[in-house]
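Q: For reference, the structure I am asking about is given below.
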Amino acid sequence: MKRAYELAAETMVAAAGKVAVLTGAGISVASGIPDFRSSQGLWARYDPMEYAEISSFKRNPEKVWAMLEEMLAVVEQAHCNRAHEYLAELEKKGVLRTVITQNIDGLHQAAGSCDVIEFHGTTRNLVCLRCGWRWPGFRLSELQKLPPKCHKCDAIMKPEVVFFGEQIPQTALIKASEAAESSKVMLVIGTSANVYPAADMPALTKRSGGRVIEINLEPTPLSTSVADQTIFGPAAVVLAGIESACDKLLTGRRLI
Ligand SMILES: [Zn+2]
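Each position in the sequence shown, counted from 1, maps to that position plus 54 in the working numbering.
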């Protein structure tokens with residue numbers, strides 16, 4: 055396994071500053087947030103077609119907010135784990151440039167990553183569906199009543215996450231595509247990357263001549279398609295190995 059870490063580190067350090075990462079639910083499981091799609095996840099108990107569709111939210115916000123309250127409580131209690139921290143450290147060391155995440159938990163920012171593109175929005179903010187007023191950084195305990203109402207126009211608010219049937223935020227999509235195309239290496243962590251448009255990102259890097267390194271617990275469709283290297287294992291363990299190998303290479307560079 056050591057050689058696999060060294061190989062990934064060599065690829066990343068050679069492309070330092072032009073490395074992006076695409077993360078998915080798998081990276082936050084160790085933070086206590088089960089993958090929504092897993093047997094422990096939210097969608098095992100709440101039918102996403104009934105609870106995660108924007109039309110359902112508009113039709114029956116009280117019902118959908120009962121699920122959201124549970125989701126937000128789990129996310130609020132979660133702390134970033136070592137995998138998030140390793141990525142933040144790799145950014146500080148000038149190796150990693152951009153984090154593109156499908157997660158809505160804000161844990162990359164909590165770990166100290168600065169350049170984070172959130173494909174599916176975030177649970178940290180509330181937004182008014184009528185006037186667009188935002189409540190950044192709200193806490194569940196601050197909501198006196200559910201569903202919460204806009205302070206400006208009294209319409210119902212929803213977390214700033216992308217529901218099924220809603221568009222991916224255009225700015226996120228453009229920035230992510232640019233980052234993917236201009237990166238020489240893309241790490242893919244904790245996702246099988248089969249939900250579009252996030253799924254396009256590794257392929258964009260590949261088509262631009264870059265390399266794709268996959269870190270997942272099990273093989274995914276990426277393993278036999280776009281991935282140049284796949285390392286199986288928990289994200290925190292694999293990233294620990296890669297970061298330590300990167301450090302050796304970076305120290306070597308400074309000595310020269
Ligand atoms: Zn409003």
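For every residue, glycine included, the Cβ atom is placed at its ideal position computed from N, Cα and C.
Taking C-beta to C-beta, are threonine 177 and valine 129 nearer than 7 angstroms?
A: yes
Q: If you run the structure through DSSP and keep just helix, strand and coil, what is threonine 278?
A: helix
Q: Please report how far the alpha carbon of alanine 289 lies from the alpha carbon of leucine 200, in whole angstroms.
A: If you take the alpha carbons of alanine 289 and leucine 200, they lie about 36 angstroms apart.
Q: Starting from the Cα of aspartate 301, find the closest Cα among Val149, His138, Lys260 and Gln221 and give me that residue.
A: Val149
Q: In the DSSP assignment, what residue or residues form a beta bridge with cysteine 182?
A: Met211
Q: Between Pro213, Arg188, Ile158 and Pro256, which lies nearest to histidine 205 when the distance is taken from Cα to Cα?
A: Arg188
Q: Once you ignore the five residues that flank leucine 144 on each side, which residues in its own chain have a CB closer than 6 angstroms to its CB?
A: Leu150
Q: Taking 6 angstroms as the line, does the beta carbon of tryptophan 187 fall inside it for any heavy atom of ligand 1?
A: Yes, the beta carbon of tryptophan 187 sits closer than 6 angstroms to at least one heavy atom of ligand 1.
Q: Is there at least one non-hydrogen atom of ligand 1 closer than 6 angstroms to the beta-carbon of lysine 206?
A: yes
Q: Quick one: any contact between the stretch 119–128 and the stretch 56–72, if contact means 3 or more CB pairs under 8 angstroms?
A: no
Q: Enumerate in chain order the residues of its own chain whose CB-to-CB distance from glutamate 116 is below 8 angstroms, with the five nearest sequence positions on each side excluded.
A: Within the same chain, glutamate 116 has close Cβ partners Leu200 and Pro201.
Q: Taking Cβ to Cβ, would you say glycine 175 is nearer than 7 angstroms to isoleucine 158?
A: yes
Q: What does a CB cutoff of less than 8 angstroms around glycine 71 pick up in its chain, not counting 5 residues either side in sequence?
A: Gly148, Val149 and Arg151
Q: At which residue ranges does the stretch 224–252 contain complete beta strand (DSSP E) runs of 3 or more residues, listed in the order of the chain?
A: 239–243
Q: Between the C-alpha atoms of isoleucine 171 and alanine 74, what's the straight-line distance to the nearest angstrom?
A: 11 angstroms
Q: Kindly indicate the opening and closing residues of the beta strand (DSSP E) around valine 266.
A: 265–270
Q: Count the other C-beta atoms from every protein chain shown that fall within 10 angstroms of the C-beta of histidine 138, then say buried if there are 16 or more, exposed otherwise.
A: buried
Q: Taking isoleucine 87 as the reference, give the member of Pro213, Gln131, Val242 and Glu104 with the closest Cα.
A: Gln131
Q: Could you give the C-beta distance for alanine 106 and phenylalanine 218, rounded to a whole number, given that I count them as a contact under 8 angstroms?
A: 5 angstroms
Q: Have a look at Thr305, Leu293, Gly306 and Leu141 and flag the residue whose alpha-carbon is nearest the alpha-carbon of alanine 62.
A: Residue nearest to alanine 62 within the set Thr305, Leu293, Gly306 and Leu141 is Leu293 (criterion: CA-CA distance).
Q: Between which two residues does the beta strand (DSSP E) harbouring leucine 150 extend?
A: Element bounds for leucine 150: 150–155.
Q: Can you tell me the Cα-Cα spacing of glutamine 198 and glutamate 214, whole angstroms?
A: 19 angstroms
Q: Per the DSSP calculation, tryptophan 189 is bridged to which residue(s)?
A: Leu180
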